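One point on numbering: in UniProt numbering, the residue at position 138 of the sequence shown is 138, and numbering is uninterrupted.
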Amino acid sequence: MTEPQVTLVIVPRERFSYTEQSLESLYENTQIPFKLIYVDGNSPKGIKRYLEKKAKEKEFRLIRTEHFLFPNQARNLALPEVDTKYVVFFDNDVLFTPGWLKHLLECAEDTSAWLVAPLYCEGKLEDKIIHMAGGLAHFRDRNGKRRFFEQHRLAKKSVDEVKSELRREPVELVEFHCTLARTEILAQIGGLDEKFLSTGEHWDLCLAVREKGGEIYFKPNAVVSYVAPPPFALSDLPYFFMRWSEDWNLQSLNHFREKWNLAEDDPCLQGHYIWLNRHRQRVIREWIRQFLPIKRDLGVLYCANVKQRLNYVNSSSHLIIKMAEELGFPSLAIELAQVFEEVTSANISSDLRSNRSYSFQLPPKSYQKRPLVALRDRLFRGRRFLGSTLRSLKSNF
């Protein structure tokens with residue numbers, strides 16, 4: 001058997017519930033020999049058991065910690081064990097296509113590139129929606145100020161629509177969804193900077209490589225897809241909240257600004273900060289919708305008046321926000337309050353608020369029997385879970 005040229009390193013991105021789909025996709029679509037190091041940072045018990053079973057079955061190295069890890073911390077745990085010419089870093093929520101690894105290695109060999117990026121898609125592979133087809137990451141002078149500029153090329157475009165524009169070429173940006181690197185260059189640039197807790201680590205790597213004279217290439221026929229939540233499991237939330245927490249985001253962006261000599265009002269960093277908040281809030285909204293009454297839930301409460309219906313919603317949201325404050329997460333409490341207001345405003349119609357009749361689909365039988373009890377239990381489960389989520393977060397800080 002041919003000795004592997006490459007070691008694959010998998011680390012958590014923002015959740016654990018997509019672990020199995022991603023790992024199965026890797027083995028189904030990777031035909032050439034490789035070594036695998038899987039870094040598991042405190043995944044839930046079910047995922048832990050799955051990884052232990054697969055590690056024995058596939059004979060890969062599994063590194064487990066009983067606390068959450070930020071991404072560069074997880075990658076650096078694996079690096080001392082990498083003994084191949086190349087290393088490919090990727091997250092635990094990526095899907096692969098046949099030949100992806102072969103194409104990345106061929107590009108690295110042909111071009112002597114230090115880093116090679118695949119064609120990043122997002123969502124289902126069959127949708128062929130581009131996340132990034134190479135990108136830009138450099139500094140510009142604007143009115144005497146040093147500014148950072150970053151751009152995802154062809155983002156949100158259909159692969160079929162822009163196929164003629166996809167070619168192997170030098171680029172300035174890779175992302176850690178999946179990237180191939182020459183192992184030796186990581187030592188040359190001083191390793192992966194662990195002061196980047198939640199964001200900016202890919203910018204830092206690309207800038208450091210190019211500062212040392214290395215080239216970065218894009219290989220379009222190596223295709224992977226990043227699958228963002230939702231869907232997600234409730235057990236994903238403790239890590240998700242930590243991964244994209246306000247503290248980690250600000251520390252990471254401030255470190256990037258200081259390290260690369262940027263002004264405090266850098267527009268790119270300010271814009272990215274806004275995106276990080278929106279990403280976190282989007283998932284909070286989806287989570288709230290899993291236990292907060294929506295139009296159908298309110299409609300099935302035909303045995304209660306509007307005041308009773310709204311009291312269930314308002315009392316639940318008040319207790320959840322209070323719990324977040326008491327456990328030491330004031331910024332999350334503020335965020336929850338804003339999201340609750342948005343979700344309830346969107347889902348409780350003006351007809352319900354004014355106690356006029358409203359047309360709803362016939363609910364499932366389980367709701368027809370005891371609708372108020374079913375709704376109450378749903379809300380209580382949500383409160384209990386948030387409490388355990390925040391306590392888990394607190395113990396990991």
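Glycine is no exception: its CB is placed at the ideal position from the N, C-alpha and C atoms. Remember, it's a predicted structure, so these values are computed and weren't measured experimentally.
Whose CA, out of the options, lies closest to the CA of residue i?
i, options, result
"residue 423", "Lys85, Phe232, Arg257", "What is shown of the chain runs 1 to 397, which leaves residue 423 out entirely."
"Leu51", "Glu24, Glu28, Val227, Phe34", "Glu24"
"Thr183", "Glu81, Cys107, Ile63", "Glu81"
"Lys58", "Ala78, Phe68, Glu28, Leu79", "Glu28"
"Val11", "Lys53, Leu79, Pro118", "Leu79"
"Pro170", "Asn76, Leu136, Ser164", "Leu136"
"Asn249", "Leu197, Arg210, Lys102, Trp260", "Leu197"
"Val39", "Val87, Ser164, Asp91", "Asp91"
"Phe280", "Phe256, Pro267, Arg243, Ala55", "Residue identity differs from the one stated: residue 280 is Arg in this sequence, not Phe. Residue Arg243 is the option with its Cα nearest to Arg280."
"Asp127", "Ala117, Arg147, Lys156", "Lys156"
"Phe240", "Val116, Leu69, Arg210, Ile185", "Leu69"
"Leu26", "Leu205, Lys85, Leu95", "Leu95"
"Lys85", "Phe34, Lys45, Glu258, Pro44", "Phe34"
"Gln5", "Leu77, Thr97, Leu105, Asp266", "Leu105"
"Leu125", "Asn143, Ile37, Thr97, Gly144", "Thr97"
"Leu234", "Phe256, Ile284, Leu205, Gln251", "Ile284"
"Arg278", "Gln251, Arg257, Ser245, Gly214", "Ser245"
"Tyr120", "Asp141, Arg142, Asp160, Thr179", "Thr179"
"Leu186", "Val162, Lys145, Gly214", "Gly214"
"Phe87", "Arg210, Ile63, Leu36, Glu258", "According to the sequence displayed, residue 87 carries Val and not Phe. Ranking Arg210, Ile63, Leu36, Glu258 by Cα distance to Val87 puts Leu36 first."
"Trp260", "Leu276, Asn143, Leu207", "Leu207"
Spatial neighbours of residue i within its chain, please: C-beta separation below 7 Å, excluding the five flanking residues on both sides.
i, result
"Asp93", "Arg13, Arg15, Tyr18, Ser22, Tyr226, Val227"
"Arg75", "Val9, Val11, Phe89, Leu192"
"Glu122", "Ile129, His131, Ser225, Tyr226, Ala228"
"Glu20", "Tyr50"
"Lys212", "Gln188, Ile189"
"residue 462", "The structure shown does not extend to residue 462, since the chain is modelled only from 1 through 397, so no value can be given for it."
"Thr65", "Gly41, Asn42"
Where does residue i land, buried or exposed, given buried means 16+ other C-beta within 10 angstroms?
i, result
"Ala263", "exposed"
"Ile274", "exposed"
"Asp247", "exposed"
"Gly41", "buried"
"Lys219", "buried"
"Ile32", "exposed"
"Thr7", "buried"
"His177", "buried"
"Ser158", "exposed"
"Lys54", "buried"
"Ala181", "buried"
"Asp83", "exposed"
"Ile348", "For Ile348, the predicted model reports a pLDDT of 43, less than 50, meaning its position is unreliable; a value from the coordinates is still stated below. That one is buried."
"Asp236", "buried"
"Pro71", "buried"
"Asp266", "buried"
"residue 398", "A query on residue 398 cannot be resolved here, the shown segment of the chain reaching from 1 to 397 and no further."
Which residues in the same chain have their Cβ closer than 8 Å to the Cβ of residue i, if we skip the five residues on either side of it in sequence?
i, result
"Leu253", "Thr199, Gly200, Leu269, His272, Tyr273"
"Glu165", "Ala133, Leu154"
"Gly99", "Asn29, Gln31, Asn221, Ala222"
"Tyr217", "Cys107, Ala108, Thr111, Ala113, Leu115, Val116, Ala117, Arg168, Glu169, Pro170, Val171"
"Lys369", "Unreliable placement is indicated for Lys369, whose pLDDT of 40 sits below 50; the coordinate value is still reported in the next sentence. Same-chain partners within the cutoff: there are none."
"Arg147", "Phe139, Arg140, Asp141, Leu262, Ala263, Asp266, Pro267, Cys268"
"Pro230", "Val283, Glu286"
In chain order, what residues of the same chain lie with their CB nearer than 6 Å to the CB of residue i, ignoring the 5 residues before and after it?
i, result
"Glu3", "none"
"Trp203", "Ala137"
"Lys102", "Ile32"
"Gln73", "Glu194"
"Arg61", "Ile37"
**Request:** Please confirm if the region 133 to 151 is in contact with the region 161 to 179, defined as three or more CB-CB distances below 8 Å between the two stretches.
**Result:** yes
**Item:** In chain order, each beta strand (DSSP E) run of at least 3 residues that lies wholly inside the region 201 to 240
**Value:** 216 to 226
**Request:** Return the chain-ordered ranges of every beta strand (DSSP E) run that is complete within the UniProt domain "Glycosyltransferase 2-like" (13 to 119) and spans a minimum of 3 residues.
**Result:** 35 to 41, 61 to 65, 86 to 91, 94 to 96
**Prompt:** Does the region 100 to 117 come close enough to the region 147 to 156 that 3 or more CB-CB pairs lie under 8 Å?
**Reply:** no
**Request:** Would you list, in sequence order, the uninterrupted beta strand (DSSP E) runs of no fewer than 3 residues that lie entirely inside the region 120 to 188?
**Result:** Listed in chain order, the complete beta strand (DSSP E) runs (minimum 3 residues) inside the region 120 to 188 are 130 to 132, 135 to 142, 145 to 152, 169 to 171, 178 to 182.
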